[in-house]
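Protein sequences, first through last, are from chains X and Y. Using the numbering used here, read the first sequence as starting at 1 and increasing by one per residue. Using the numbering used here, read the second sequence as starting at 470 and increasing by one per residue. Below: one structure, written as structure tokens.
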Amino acid sequence: MNERPRVLFEKIWDAHIVSHDRGSPAVLYIDLHLVHEVTSPQAFSGLRDRGLKVRRPDKTIATVDHSIPTYDRSLPIMDAQAARQIVQLEENCAEFGIPLFTGSDDRQGIVHVIGPELGLTQPGMTIVCGDSHTATHGALGALAFGIGTSELEMVLATQCLLQNRPKTAEVRIDGRLGPGVAPKDIILALIAQIGVGGGTGHVLEYTGSAIRSLSMEGRMTVCNMSIEGGARAGMVAPDETTFEYLSRRPFAPKGAAWDAALARWRALPSDEGAEYDMQVTLDAAALEPMITYGTNPGMGMPVTGRVPEPAQLADPVQRRSLEKALAYMGLNPGEALIGRPVDVVFIGSCTNGRISDLRSAAGVLKGRKVAEGVRVMVVPGSHQVKAQAEAERLHEVFREAGAEWREPGCSMCIAMNGDQLAPGQYAVSTSNRNFEGRQGPGGRTFLASPLTAAAAAVTGVVTDVRTLG
Amino acid sequence: MEPFTTFTSRVVLLPMDNVDTDQIIPARFLKATDKLGLGANLFCDWRYDADGAPRSDFVLNRTEVQGAQVLLAGDNFGCGSSREHAPWALVGWGLRAVISTSFADIFRNNALKNGLLPIAVDAETHRRLLAQIEDNPAAEVTVNLEQQTLRLPDGSTATFPVDSFSKHCLLEGVDELGYMLQHSRQIAAYEARHGDMVRTK
Numbered sequence: 001m002n003e004r005p006r007v008l009f010e011k012i013w014d015a016h017i018v019s020h021d022r023g024s025p026a027v028l029y030i031d032l033h034l035v036h037e038v039t040s041p042q043a044f045s046g047l048r049d050r051g052l053k054v055r056r057p058d059k060t061i062a063t064v065d066h067s068i069p070t071y072d073r074s075l076p077i078m079d080a081q082a083a084r085q086i087v088q089l090e091e092n093c094a095e096f097g098i099p100l101f102t103g104s105d106d107r108q109g110i111v112h113v114i115g116p117e118l119g120l121t122q123p124g125m126t127i128v129c130g131d132s133h134t135a136t137h138g139a140l141g142a143l144a145f146g147i148g149t150s151e152l153e154m155v156l157a158t159q160c161l162l163q164n165r166p167k168t169a170e171v172r173i174d175g176r177l178g179p180g181v182a183p184k185d186i187i188l189a190l191i192a193q194i195g196v197g198g199g200t201g202h203v204l205e206y207t208g209s210a211i212r213s214l215s216m217e218g219r220m221t222v223c224n225m226s227i228e229g230g231a232r233a234g235m236v237a238p239d240e241t242t243f244e245y246l247s248r249r250p251f252a253p254k255g256a257a258w259d260a261a262l263a264r265w266r267a268l269p270s271d272e273g274a275e276y277d278m279q280v281t282l283d284a285a286a287l288e289p290m291i292t293y294g295t296n297p298g299m300g301m302p303v304t305g306r307v308p309e310p311a312q313l314a315d316p317v318q319r320r321s322l323e324k325a326l327a328y329m330g331l332n333p334g335e336a337l338i339g340r341p342v343d344v345v346f347i348g349s350c351t352n353g354r355i356s357d358l359r360s361a362a363g364v365l366k367g368r369k370v371a372e373g374v375r376v377m378v379v380p381g382s383h384q385v386k387a388q389a390e391a392e393r394l395h396e397v398f399r400e401a402g403a404e405w406r407e408p409g410c411s412m413c414i415a416m417n418g419d420q421l422a423p424g425q426y427a428v429s430t431s432n433r434n435f436e437g438r439q440g441p442g443g444r445t446f447l448a449s450p451l452t453a454a455a456a457a458v459t460g461v462v463t464d465v466r467t468l469g
Numbered sequence: 470m471e472p473f474t475t476f477t478s479r480v481v482l483l484p485m486d487n488v489d490t491d492q493i494i495p496a497r498f499l500k501a502t503d504k505l506g507l508g509a510n511l512f513c514d515w516r517y518d519a520d521g522a523p524r525s526d527f528v529l530n531r532t533e534v535q536g537a538q539v540l541l542a543g544d545n546f547g548c549g550s551s552r553e554h555a556p557w558a559l560v561g562w563g564l565r566a567v568i569s570t571s572f573a574d575i576f577r578n579n580a581l582k583n584g585l586l587p588i589a590v591d592a593e594t595h596r597r598l599l600a601q602i603e604d605n606p607a608a609e610v611t612v613n614l615e616q617q618t619l620r621l622p623d624g625s626t627a628t629f630p631v632d633s634f635s636k637h638c639l640l641e642g643v644d645e646l647g648y649m650l651q652h653s654r655q656i657a658a659y660e661a662r663h664g665d666m667v668r669t670k
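Given below as structure tokens:
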């Protein structure tokens, strides 16, 4: 058959169209629905109000991550509202027959960490979750995106979504990352380049030699923050790295089913000559460790850089936005960030809470001590990440350095569970958002890689990890 | 959902780019398990000081915008988190439309499902409307979804895009789930044809 060449996104999209009435969005089939405690209660109430069931509980999985405390799981949850929300998820899952990983289950963790690590996330699938960082799963060659609660209710009831077809963009990243430069720096640099709305309406496919040479976990970090560039989804075509990562995962196909799946997955990468609606390029070799200075993830720069000057912006709305951001951050135009004291370092989240992230941070902390007066929280992304880190004795490295080693969850990335900054505090954080108040009302966030975060932990100031020696 | 009808209203000005959903409704209010009541905390950390007192310099605390149904914001409104609590909070405060030069994708979807109309206009229209409301905070705009027009205080009219399906749902006051449920035969046929990619139990 001589078909029109298609990109990865189109192949998955086309294979999931249930029907498409003229003048209406397409009915798109969803292979996997991930549910957590925060965005689901109103959807389950909606089902109950309409007398509907969950169509495919066997394509749905739930866990607790956003509001669960990261202290000892045998202790009660102190926040009554959070406790109620978690109990409500347990009741909803029991009533509708949805499998749930509770806080003490050894498969519990941040929803975007456990999907891939359990092998639930597979190439060619459509995956949704009531969380904007669902793009993470695109690292395995899936079409994965965040949805709201009304859409969540629709997927629970019908296993489908009404969707207008997004546009496609190729983000081509070639070259080799230099020492001290991490996958996080790739995505922070990209967002600084295209802006927080640069990818709106598009699905990004990351290509190029720099992406090919990343581990699966590095690819997840990149795809995870696609939404911070405005793109609902980010994807990487599956390759041997993907297949190697997936083999032996509990939910991955086995035996003959594995061979059949592999044949399907090998046909997914974009065809020669297929076209994207937009193209962006980035030179990995030119990248430096990145840090954000402002109140959205697009306000980023090389850690060695200087804070930009609002006076140089011609557009009044843009100028006002930057002035407001710098006022919130307590920073002066033109100042360097290196050497600026920090109060807290947070290592974790669905962006950088995986074993490779903890290994990089531990590599910096090993044999060193956390600087006086700095609180360092290390929060593994899942129980499995935690167990692996403990098997490698990384927790001892963290504890000996003076960092806290905590239970898995979203923690200070969204600050819903009691882990949060005090007003005015500065944090270097490996999470994904530096919005005003994101890590606690009045808190100020510098987003960076685990390497840069760990460097700040031992020096107590914003540091270029390459100068630590 | 109530059918979306033509209305005339004053305009709340929030001329900042990239207003994210964490500002619209901070995460600590996401522990609610209901949709109602979020309007009280709309833009909470801009609206109230640390002691909970209204900040006199924040627009929602001005007398002249009380009862307004339209918000004018900067580019890329609603970026960040997928929380539908953002439109619930905006609607809870009394808003029925947000005007900007562009909207974040998930926010736009969520807004349309809650009777909140995202009106995308070109930069020039945006600039003119901003200037007119700054000149006279009591000036009004008229939103006509049927015609897809926005009438500015100076009497000029701008058109805005909206996909025909969402327009139909808004005008009729119906939600999309009803439409989807009519497709259960096609969905079953798809499932029979394609099998399962993964089973969670």
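The C-beta atom is built at its ideal place from N, Cα and C for all residues, glycine as well.
Spatially closest choice to residue i from the options, by CA coordinates
{"i": "T490/Y", "options": "G339/X, I414/X, D21/X, M220/X", "result": "I414/X"}
{"i": "N583/Y", "options": "V667/Y, R668/Y, V488/Y, L639/Y", "result": "L639/Y"}
{"i": "Q492/Y", "options": "N579/Y, P622/Y, P556/Y, E603/Y", "result": "P556/Y"}
{"i": "R406/X", "options": "H383/X, P423/X, Q425/X, M416/X", "result": "H383/X"}
{"i": "K500/Y", "options": "I30/X, H395/X, Q81/X", "result": "Q81/X"}
{"i": "R22/X", "options": "K670/Y, C513/Y, H554/Y, D632/Y", "result": "D632/Y"}
{"i": "L646/Y", "options": "L282/X, V317/X, Q163/X", "result": "Q163/X"}
{"i": "G103/X", "options": "P441/X, C410/X, D464/X", "result": "C410/X"}
{"i": "D277/X", "options": "K167/X, F9/X, S349/X", "result": "K167/X"}
{"i": "G339/X", "options": "E217/X, V462/X, V181/X", "result": "V462/X"}
{"i": "A325/X", "options": "F435/X, T158/X, K184/X, V370/X", "result": "F435/X"}
{"i": "W88/X", "options": "V64/X, P76/X, Q108/X", "result": "Checking the displayed sequence, the identity of residue 88/X turns out to be Gln instead of Trp. Looking at the Cα atoms, V64/X is the closest of the given residues."}
{"i": "A401/X", "options": "S19/X, G363/X, M301/X", "result": "G363/X"}
{"i": "D486/Y", "options": "A600/Y, H637/Y, S569/Y, T669/Y", "result": "S569/Y"}
{"i": "R219/X", "options": "V344/X, A371/X, G141/X", "result": "G141/X"}
{"i": "Q668/Y", "options": "D343/X, F346/X, P253/X", "result": "For the sequence presented, residue 668/Y should be read as Arg rather than Gln. Of D343/X, F346/X, P253/X, the residue nearest in Cα terms is P253/X."}
{"i": "T474/Y", "options": "Q616/Y, Y648/Y, G549/Y", "result": "Q616/Y"}
{"i": "A661/Y", "options": "M78/X, R368/X, V18/X", "result": "V18/X"}
{"i": "N92/X", "options": "A139/X, L287/X, T241/X, V35/X", "result": "V35/X"}
Unbroken beta strand (DSSP E) run spanning residue i, endpoints
{"i": "Q108/X", "result": "Element bounds for Q108/X: n/a, residue is neither H nor E."}
{"i": "K167/X", "result": "167–174"}
{"i": "P587/Y", "result": "586–589"}
{"i": "W202/X", "result": "Residue identity differs from the one stated: residue 202/X is His in this sequence, not Trp. Start and end: 202–207."}
{"i": "Y29/X", "result": "26–29"}
{"i": "F546/Y", "result": "Segment: none, F546/Y is in no beta strand (DSSP E) and carries neither H nor E."}
{"i": "S19/X", "result": "17–19"}
Bounding residues of the alpha helix (DSSP H) (the contiguous stretch that carries residue i)
{"i": "Q425/Y", "result": "Missing from the structure shown is residue 425/Y; chain Y here goes from 470 to 670 and no further."}
{"i": "F473/Y", "result": "From DSSP, F473/Y is part of no alpha helix (DSSP H); its letter is neither H nor E."}
{"i": "S150/X", "result": "149–158"}
{"i": "N224/X", "result": "216–224"}
{"i": "M649/Y", "result": "645–650"}
{"i": "T570/Y", "result": "Counting along the chain, T570/Y falls outside any alpha helix (DSSP H), and DSSP gives it neither H nor E."}
{"i": "S653/Y", "result": "653–663"}
Quiz item: Per the contact definition of three or more C-beta pairs closer than 8 Å, is the stretch 255–268 of chain X in contact with the stretch 226–235 of chain X?
Solution: Between the stretch 226–235 of chain X and the stretch 255–268 of chain X, the count of Cβ pairs shorter than 8 Å is below three; the stretches do not touch.
Quiz item: Three or more C-beta pairs closer than 8 Å, one from the stretch 102–112 of chain X and one from the stretch 124–135 of chain X: is that the case here?
Solution: Output reads yes: the stretch 124–135 of chain X touches the stretch 102–112 of chain X.
Quiz item: When Cβ atoms are compared, which residues of the stretch 159–182 of chain X fall closer than 7 Å to chain Y?
Solution: Answer in chain order: Q159, C160, L162, N164.
Quiz item: Between the stretch 19–49 of chain X and chain Y, which residues of the former have a C-beta closer than 7 Å to a C-beta of the latter?
Solution: Of all residues in the stretch 19–49 of chain X, the ones placed with a Cβ closer than 7 Å to any Cβ belonging to chain Y are S19, G23, S24, P25, V27, Y29, D31, L32, V38, T39, P41, Q42, in chain order.
Quiz item: At which residue ranges does the stretch 242–330 of chain X contain complete alpha helix (DSSP H) runs of 4 or more residues, listed in the order of the chain?
Solution: Here the runs fully enclosed are 255–266, 316–329.
Quiz item: Would you call the stretch 86–97 of chain X and the stretch 42–59 of chain X in contact, with 3 or more CB pairs under 8 Å?
Solution: Contact holds: three or more Cβ-Cβ distances are below 8 Å.
Practice problem: Could you run through the stretch 117–131 of chain X and flag, in chain order, every residue whose CB is less than 9 Å away from some CB of chain Y? | Solution: Correct list: G119, L120, T121, Q122, G124, M125, T126, C129, G130, D131.
Quiz prompt | Given 8 Å, three or more beta-carbon pairs between the stretch 66–76 of chain X and the stretch 205–212 of chain X | solution = At 8 Å Cβ cutoff, the stretches do not touch.
Practice problem: Just list the beta strand (DSSP E) runs in the stretch 31–65 of chain X, keeping only unbroken ones of 3 residues or longer that don't cross its boundaries, in chain order. | Solution: Taking 3 residues as the shortest admissible run, the stretch 31–65 of chain X contains the following complete beta strand (DSSP E) segments, listed from N- to C-terminal end: 32–35, 60–63.
Practice problem: Give the residues from the stretch 495–523 of chain Y that approach chain X closer than 9 Å (Cβ to any Cβ), ordered along the chain. | Solution: For the stretch 495–523 of chain Y, which is checked against every Cβ of chain X, the residues closer than 9 Å are P495, A496, R497, L499, K500, A501, T502, D503, K504, C513, D514, W515, A519.
Practice problem: Give the residues from the stretch 184–214 of chain X that approach chain Y closer than 7 Å (Cβ to any Cβ), ordered along the chain. | Solution: Listed by position along the chain: V196, G197, T200, G201.
Quiz item: Three or more C-beta pairs closer than 8 Å, one from the stretch 523–531 of chain Y and one from the stretch 591–601 of chain Y: is that the case here?
Solution: No: the two stretches stay apart, fewer than three of their Cβ pairs being nearer than 8 Å.
Exercise. Mind checking the stretch 388–418 of chain X against chain Y and listing, in chain order, the residues whose C-beta falls within less than 8 Å of any C-beta there?
Key: Per Cβ criterion, the list reads I414, A415, M416.
Exercise. Could you tell me whether the stretch 569–587 of chain Y touches the stretch 441–458 of chain X, using the rule of 3 or more Cβ pairs below 8 Å?
Key: By the Cβ criterion, the stretch 569–587 of chain Y is not in contact with the stretch 441–458 of chain X, since fewer than three pairs of Cβ atoms, one from each stretch, lie closer than 8 Å.
Quiz prompt | Interface residues of the stretch 634–646 of chain Y facing chain X [CB-CB below 9 Å] | solution = Flagged, chain order: F634, S635, H637, D644, E645, L646.
Practice problem: Report the residue ranges of all alpha helix (DSSP H) runs contained in full by the stretch 333–412 of chain X; include only those spanning at least 4 residues, in chain order. | Solution: Entirely contained in the stretch 333–412 of chain X, the alpha helix (DSSP H) runs reaching 4 residues are, in chain order, 349–352, 355–365, 383–391, 394–401.
Practice problem: Evaluate the contact criterion for the stretch 268–284 of chain X versus the stretch 306–314 of chain X: three or more CB pairs, one atom per stretch, below 8 Å. | Solution: Result no; under three Cβ-Cβ pairs closer than 8 Å.
Practice problem: Check distances from the C-beta atoms of the stretch 235–254 of chain X to those of chain B and list, in chain order, the residues that come in under 7 Å. | Solution: Going by chain labels, chain B is absent from the structure shown, which instead holds the protein chains X and Y.
Quiz item: Counting pairs of beta carbons, one from the stretch 530–544 of chain Y and one from the stretch 597–611 of chain Y, are three or more of them closer than 8 Å?
Solution: Taking a cut-off of 8 Å for Cβ pairs, the stretch 530–544 of chain Y and the stretch 597–611 of chain Y touch, as three or more such pairs fall below it.
Self-check item: Against chain X: residues of the stretch 540–560 of chain Y by CB proximity under 7 Å
Solution: The residues in question are G543, D544, N545, C548, G549, S550, S551, R552, E553.
Quiz item: Can we say the stretch 177–189 of chain X touches the stretch 138–155 of chain X, given the rule of at least three CB pairs closer than 8 Å?
Solution: Three or more beta-carbon pairs separated by less than 8 Å are not found between the stretch 177–189 of chain X and the stretch 138–155 of chain X, which leaves the two stretches without contact.
Exercise. Would you mind listing the beta strand (DSSP E) stretches within the stretch 411–450 of chain X that are 3+ residues and don't spill past its ends, in chain order?
Key: Fully enclosed beta strand (DSSP E) runs of 3 or longer: 426–429, 444–447.
Practice problem: Mind the definition here: the stretch 117–128 of chain X touches the stretch 27–47 of chain X only if three or more C-beta pairs lie below 8 Å; say whether that holds. | Solution: With three or more CB-CB distances shorter than 8 Å, the stretch 117–128 of chain X counts as touching the stretch 27–47 of chain X.
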